[in-house]
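If you count by the working numbering, then the sequence shown holds residues 76 to 465, one letter each, in order.
From the three backbone atoms N, C-alpha and C, an ideal C-beta is built for every residue, glycine too.
Computed from a prediction, not measured in an experiment: that's the story for all the values here.
Data first, discussion second: the structure below is written as structure tokens.
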Amino acid sequence: MVKRNICVVTGTRAEYGLLYWLMKEIEADDALRLQIIATGAHLSQEFGLTYRTIEQDGFRIDEKVEMLLSSDTAVGITKSMGVELIGFADALERLKPDIMVLLGDRYELLVAAEAALVANIPIAHIHGGEITEGAIDDAIRHCITKMSHIHFASNPEHCRRIRQLGEDPAHIHEVGIVGIDNIVRMEFLSPDELEQDLGFHLGEKFFLVTYHPVTVLGYRKQEALQNLLDALDAFPEYQVLITKSNGDAGGREINDAIDSYAASRKGRVCARMSLGQKRYLSAMKHASAVVGSSSSGLLEAPVLKKATVNIGERQKRRHREISVMDCAEDREAIISAIREALSEDFRRKLQTLEIPHADGEIAVRMRNVLRDVSLEGLFQKHFVDILSAG
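And the structure:
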């Protein structure tokens, strides 16, 4: 039997964590052959060389596509994308995948999609149809949707948006939020195990903080971050666990400020470049609240019935549950939102949350589609007009 080659591309620690169970399901299927391309921050010393985590989990990386230049300016990132495109041309020629799998909306994935499109490789895209107007990721996500041939969406609203972009309803699959599988299948670290693993005392009350910059024009990222850090100081009885920013424009500047903040508050603030999926979700489970601008606060935290203080506009218009408290990026607004998130009334409200597709089978449903979909005629798409579709 000729196995179908399914090529999974990953460029960041967070994205890999979401892809983990799908990769395991593909690897375990006798009809499929898993191929992995690692790129972006995975291969950067500065961002923790997180490709090693992939290998430690037992996966074999088929190709490593170097791309990151030592710059997080718009010019530097654009040049990095050019380097990546050259690398992907060679990698895809060697691997010759039948389907490429991309998750999300980062610029590394836009480049991978471009290379696959030119090479006539069908793309399966996860988490299309969503909106995050505070980042260039929003436009990138929709671009990848138009270059993709199979769509795995998290809810009916996102399916509708993908269809609105002219995609064939027969290839749009509502599977749920991919990260839910990680939570349902996870064996969490206990608070003591988490502290021992981190080498840091978190105590009974701590915030899990992740802050990524808004990447639209005219945004004052340093001022916004300082307002967040000042707000955290208004809660001295709470320990703080911070995961640093990704490789977006301005990320290094943010990480330098986080390092300075943690260094001046030793014993209360712990900053890490990457926690890995198990430590991160365990920290989320035990935290008093999730604070920052990461999508994990809107996607995974509700599954754990965990209060999230979502700061600023990076996640603007993304679907959110009642567990999410939105606020502006000024000190007093953040303080007020944190206080509300910690209140007993808000905590009681969280217990009413019911998240669909939380059966631990999301990766299985995606694997089945990747295995069973006919490749004949899949690459040649037709724009499906909503009016003519009825």
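Boundaries of the alpha helix (DSSP H) around Gln131: 126–131. In this structure, DSSP gives Leu107 an extended state, which the three-state scheme calls strand.
When the beta-carbon positions are compared, Tyr286 and Ser368 come within less than 7 Å of each other. Taking the Cα positions, Arg235 is about 19 Å away from Ile437.
At a Cβ-Cβ threshold of 7 Å, Pro172 and Leu453 do not count as neighbours. Taking the Cα positions, Thr318 is about 15 Å away from Ala376.
Of the residues assessed, Arg389 falls on the buried side of the cut-off, its CB having 16 or more other CB atoms within 10 angstroms. Here Leu283 is bridged, per DSSP, to Leu316, Val365. Going by DSSP, Val259 is part of the alpha helix (DSSP H) stretching over 254–260. Classified as exposed, Glu429 has fewer than 16 neighbouring CB atoms from the shown chains inside 10 Å of its CB. Per DSSP, Val150 is one residue of the alpha helix (DSSP H) stretching across 149–170. Using a Cβ distance threshold of 7 Å, Leu374 and Lys360 do not count as a contacting pair. Counting only unbroken stretches of 4 or more residues, the alpha helix (DSSP H) elements lying wholly within the stretch 324–359 are 326–338, in sequence order. Inter-residue distance for Ala403 and Leu300 is about 12 Å (C-alpha atoms, whole angstroms).
Taking C-beta separations shorter than 8 Å and ignoring five residues to either side along the sequence, the partners of Val289 in its chain run Gly209, Ala210, Lys296, Ala299, Ser368, Gly387, Glu388, Arg389, following chain order.
Here Glu141 carries a coil assignment [DSSP, helix/strand/coil]. In the structure shown, Ile413 falls within a helical segment according to DSSP collapsed to helix, strand and coil.
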